[in-house]
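*Asks:*
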Amino acid sequence: MFSYIQSSKPIGTSKVSTKHSRSLARIMVAPAVFALLVWMIIPLSMTLYFSFKKYLPLRGGDLGWVGFENYTRFISSSSFWPAVATTMIIVGGVLIITVVLGTLIALLLDQPIWGQGIVRIMIIAPFFIMPTVSGLIWKNMFMDPTNGFLAHIWRAFGAEPIQWLSHASLPSLIMIISWQWLPFATLILLTAVQSLDSEQLEAAEMDGAKPIRRFFHIILPHLARAITVVILIQTIFLLSIFAEIFVTTAGAFGTKTLTYLIFQRVLESQNVGLGSAGGVYAIILANIVAIFLMRIVGKNLDR
Amino acid sequence: MKQIELNQVSKYFGEIEVIRPLDLQIENGEFVVFVGPSGCGKSTLLRLIAGLEDVTSGQILINGKDTTKLAPADRELAMVFQSYALYPHMTVRKNIEFPLRMAGLDKKERNKRVEDAAKALNLTDYLERRPGQLSGGQRQRVAIGRAIVREPTAFLFDEPLSNLDAALRVGMRLEISELHKRLGATMIYVTHDQVEAMTLADKIVVLQAGVIEQVGTPLDLYHNPKNTFVAGFIGSPKMNLISGNEADKMGAHTIGIRPEHLSITKNTGLWHGVVGVTEQLGSDTFVHLNCESFSESLTVRADSDLSVAYGETLYVTPDLTHLHKFDKNGLRFDEKA
Chain H
1 MFSYIQSSKP IGTSKVSTKH SRSLARIMVA PAVFALLVWM IIPLSMTLYF
51 SFKKYLPLRG GDLGWVGFEN YTRFISSSSF WPAVATTMII VGGVLIITVV
101 LGTLIALLLD QPIWGQGIVR IMIIAPFFIM PTVSGLIWKN MFMDPTNGFL
151 AHIWRAFGAE PIQWLSHASL PSLIMIISWQ WLPFATLILL TAVQSLDSEQ
201 LEAAEMDGAK PIRRFFHIIL PHLARAITVV ILIQTIFLLS IFAEIFVTTA
251 GAFGTKTLTY LIFQRVLESQ NVGLGSAGGV YAIILANIVA IFLMRIVGKN
301 LDR
Chain F
304 MKQIELNQVS KYFGEIEVIR PLDLQIENGE FVVFVGPSGC GKSTLLRLIA
354 GLEDVTSGQI LINGKDTTKL APADRELAMV FQSYALYPHM TVRKNIEFPL
404 RMAGLDKKER NKRVEDAAKA LNLTDYLERR PGQLSGGQRQ RVAIGRAIVR
454 EPTAFLFDEP LSNLDAALRV GMRLEISELH KRLGATMIYV THDQVEAMTL
504 ADKIVVLQAG VIEQVGTPLD LYHNPKNTFV AGFIGSPKMN LISGNEADKM
554 GAHTIGIRPE HLSITKNTGL WHGVVGVTEQ LGSDTFVHLN CESFSESLTV
604 RADSDLSVAY GETLYVTPDL THLHKFDKNG LRFDEKA
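From first to last, the protein sequence lines are chains H and F.
Take 1 as the starting number for the first sequence in this note's numbering and just add one per residue.
Take 304 as the starting number for the second sequence in this note's numbering and just add one per residue.
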């Protein structure tokens with residue numbers, strides 16, 4: 001009933017504001033905006049500053065300005081495009097798995113079952129585990145080719161255990177990261193499933209829609225907004241995924257993402273200038289993705 | 304011809320008995336209204352007929368066919384929900400078209416039926432809008448449109464007007480009544496508002512605590528209520544129900560008299576009382592009298608030109624031919640019988 005009252009208002013006229021209250025609002029948010037700017041601007045300008053320098057901390061330190069040399073070197077490196085591709089594969093793979101499985105698990109959790117509260121807490125559990133820890137657990141306890149749990153299962157069926165992290169490195173990483181992010185997706189999608197008006201489903205049932213068609217015609221459109229939010233938030237975090245790669249493959253076997261490549265340039269090759277240039281590329285990439293996503297989200301949130 | 308028949312239908316939610324085993328027959332083309340206070344099981348009864356709830360025991364026959372175990376979609380009924388339950392992501396056209404698409408009708412037939420329904424309900428200009436852009440009354444009409452395109456054997460309405468404001472409610476009430484006359488289809492309508500029940504129904508079913516108290520035409524219920532519950536529930540303002548000494552004098556446990564069957568004078572009468580609140584409606588004036596001889600306050604209908612002051616003493620006399628007598632179980636009895 002309340003939702004009816006709210007939604008009956010014509011769109012775009014709900015914001016009541018006078019000139020006075022608007023300028024007051026600006027003053028009130030100013031400190032927060034200032035803090036945020038400082039927080040972002042200082043690291044950003046330092047990255048930009050170093051990206052135009054030849055700066056090798058262990059081999060002579062600051063060796064002066066080099067213009068765009070770092071940028072051309074970073075992009076022409078043979079590992080740049082594979083790193084971009086790896087990043088995209090991991091982000092895309094994790095998004096597909098978490099959204100699809102998240103939706104299905106959310107639908108299951110919405111059913112009235114015995115011990116619902118405990119099951120829901122168990123589902124969230126992986127989200128509380130630190131990325132480093134979960135990476136190590138998966139590597140040593142599940143994916144180890146001699147003593148891992150999966151190896152034992154494979155042997156129980158008489159099969160040769162898979163060398164997960166070396167022979168199927170990307171799928172393994174996607175599996176580990178999906179396991180970590182699935183709870184987040186499930187939780188957001190579950191709240192969305194629960195907010196669906198049950199009369200809508202009953203109306204669809206009376207209209208002759210069978211369960212599968214109810215899912216595609218009523219439930220999925222209702223979840224569209226939550227799914228875009230999940231995709232947006234996860235993409236932001238997945239683009240900078242690092243710990244899981246560091247503790248499992250250390251960037252070997254084609255698992256070098258853009259973030260990992262920057263780490264290698266700065267810390268392993270001790271080339272701060274080159275790494276900073278990579279950082280600027282990462283910012284540009286993240287922004288392209290963000291603009292693209294915001295357009296989708298904007299379209300979905302406008303309804 | 305009996306179209307919908309309930310045989311000993313009952314419903315439990317866990318241990319709680321919501322509907323006691325009951326029988327009900329609904330004739331073809333009838334407008335039946337389930338009315339009762341909230342929590343009386345009227346919505347549950349409608350949902351049982353729709354198939355949205357399973358019966359605990361008993362049988363539901365539609366057109367002579369046992370549909371107790373059938374899925375809602377296979378009962379050929381259409382329902383209009385209290386919240387309208389429109390699909391927010393679809394346009395009005397898509398909403399109305401939805402049941403036809405599910406039934407697998409071809410595009411041409413679907414379009415024709417949607418256009419016809421839209422024309423009948425004055426929705427043609429709104430077909431490409433989303434439900435969020437419509438007013439309450441328009442949404443209501445879309446919900447009705449979605450029901451009529453299927454050409455069902457019966458329509459089910461679950462408190463369809465309760466989300467509308469008073470003025471719109473009266474308008475929609477007339478529209479629904481007209482729709483019923485035009486389509487000639489069976490309609491079952493649930494409401495807690497006895498005015499809606501009186502104005503719309505061919506047959507009213509009064510429910511209380513999962514039990515059918517009385518079934519009959521609006522005027523039948525008004526003039527011959529079976530018990531004190533129906534007597535007090537049907538009619539606005541309520542029938543005056545008086546128990547105690549005054550009732551004993553007339554040989555009943557409780558007596559009931561409607562406000563319009565009391566004549567009011569300034570000097571002599573059977574009962575007298577002090578004027579409390581007066582409600583002036585223009586056509587009539589309702590006077591609330593606090594009488595000494597019984598504890599209940601008395602509502603009396605008077606002419607609108609009667610001028611009375613607060614605290615004034617007035618005399619009233621009941622019209623004995625319209626006096627109802629009830630025994631101690633609340634059941635009405637006739638002295639002749």
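Ideal Cβ positions, reconstructed from N, Cα and C, are used throughout, including at glycine.
None of these values were measured; they are calculated from a predicted model.
#1: DSSP three-state label for threonine 13 of chain H, please.
#2: The beta strand (DSSP E) spanning leucine 592 of chain F covers which residue range?
#3: Who does lysine 506 of chain F pair with in a DSSP beta bridge?
#4: Quick one, which of F:Asn530, F:Phe337, F:Gly339, F:Ser360 has its alpha-carbon nearest phenylalanine 636 of chain F's?
#5: Say whether the region 56 to 74 of chain H touches the region 135 to 152 of chain H, bearing in mind that this needs 3 or more beta-carbon pairs closer than 8 Å, one atom from each stretch.
#6: Are the C-beta atoms of aspartate 110 of chain H and some chain F residue less than 8 Å apart?
#7: What would DSSP say about proline 324 of chain F, mapped onto helix, strand or coil?
#8: Is there a Cβ from chain F that is less than 8 Å from the Cβ of isoleucine 218 of chain H?
#9: Can you confirm whether glutamine 234 of chain H, when its beta carbon is compared against all beta carbons of chain F, has any partner nearer than 8 Å?
#10: When the distance is taken between beta carbons, is phenylalanine 292 of chain H closer than 8 Å to serine 327 of chain H?
#11: Using a Cβ distance threshold of 8 Å, determine whether the region 320 to 327 of chain F contacts the region 463 to 479 of chain F, with at least three qualifying pairs required.
#12: What are the partner residues of glutamate 308 of chain F, as DSSP defines its beta bridges?
#13: Once the 5 residues before and after isoleucine 113 of chain H are set aside, which same chain residues still bring their CB inside 8 Å of it?
#14: How about the region 376 to 383 of chain F and the region 391 to 401 of chain F: do they share at least three Cβ pairs that are nearer than 8 Å?
#15: Apply the 10 Å Cβ neighbour rule to leucine 522 of chain F and answer buried if 16 or more other Cβ atoms are within range, or exposed otherwise.
#16: Excluding the 5 residues preceding and the 5 following asparagine 548 of chain F in the sequence, name in chain order all residues of the same chain whose CB lies nearer than 8 Å to its CB.
#17: Helix, strand or coil: how does DSSP classify asparagine 287 of chain H here?
#18: In this structure, what does DSSP give as the bridge partners for glycine 576 of chain F?
#19: Using the beta-carbon count (16 or more within 10 Å), is tyrosine 304 of chain H buried or exposed?
#20: How do the region 333 to 341 of chain F and the region 384 to 392 of chain F stand: do at least 3 beta-carbon pairs fall below 8 Å, yes or no?
#21: Looking at the structure shown, is valine 395 of chain F part of a helix, part of a strand, or coil, going by DSSP?
#22: Consult DSSP for tryptophan 65 of chain H and reduce its assignment to one of helix, strand or coil.
#23: Can you name, in chain order, every residue of its own chain whose Cβ lies under 6 Å from the Cβ of tyrosine 390 of chain F, other than the five neighbours on each side?
#24: On the DSSP letters alone, give me the boundaries of the alpha helix (DSSP H) that asparagine 548 of chain F sits inside.
#25: Just to check my reading of the structure: leucine 182 of chain H and proline 126 of chain H have Cβ atoms closer than 8 Å, yes? What is that Cβ distance to the nearest angstrom?
#26: How far does the beta strand (DSSP E) with phenylalanine 460 of chain F in it reach, from first residue to last?
#27: Please report whether the beta-carbon of proline 211 of chain H lies at a distance below 8 Å from any beta-carbon of chain F.
#28: Among F:Ile507, F:His495, F:Ile365, which residue has its Cα nearest to the Cα of threonine 456 of chain F?
#29: Do you know offhand how far methionine 490 of chain F's Cα is from leucine 189 of chain H's?
#30: Pull up the distance between the alpha-carbon of glycine 102 of chain H and that of glycine 298 of chain H, whole angstroms please.
#31: Should threonine 571 of chain F be labelled buried (16 or more other beta-carbon atoms within 10 Å of its own) or exposed?
#32: Looking only at its own chain, which residues have a Cβ that is under 6 Å from the Cβ of isoleucine 451 of chain F, when we skip the five neighbours before and after it?
#33: Compile a chain-ordered list of the residues in the region 169 to 200 of chain H whose CB is closer than 7 Å to at least one CB of chain F.
#34: If you compare alpha carbons, which of H:Met28, H:Phe142, H:Pro57, H:Leu173 is closest to leucine 274 of chain H?
#35: Alpha carbons only, please: which of H:Gln234, H:Tyr281, H:Trp39 is nearest the one belonging to valine 94 of chain H?
#36: What are the residues of the region 541 to 556 of chain F that lie near chain H, defined by any Cβ-Cβ distance shorter than 8 Å?
*Replies:* The structure says:
#1: Bear in mind that a pLDDT of 44 at threonine 13 of chain H, under 50, signals an unreliable position, so the number given afterwards is only what the model happens to contain. Coil at threonine 13 of chain H, not helix or strand.
#2: 587 to 594
#3: F:Val335
#4: F:Asn530
#5: no
#6: no
#7: strand
#8: yes
#9: no
#10: Nothing in the structure corresponds to residue 327 of chain H, since chain H is present only between 1 and 303.
#11: no
#12: F:Gln328, F:Leu364
#13: Val119
#14: no
#15: exposed
#16: Ser596, Phe597
#17: helix
#18: F:Cys594, F:Leu617
#19: Only positions 1 to 303 of chain H appear in the structure, and residue 304 of chain H is not among them; the question remains open.
#20: no
#21: helix
#22: strand
#23: Asn398
#24: 548 to 552
#25: 7 Å
#26: 457 to 461
#27: no
#28: F:Ile365
#29: 39 Å
#30: 22 Å
#31: exposed
#32: Ala420
#33: Asp197, Glu199, Gln200
#34: H:Pro57
#35: H:Gln234
#36: none
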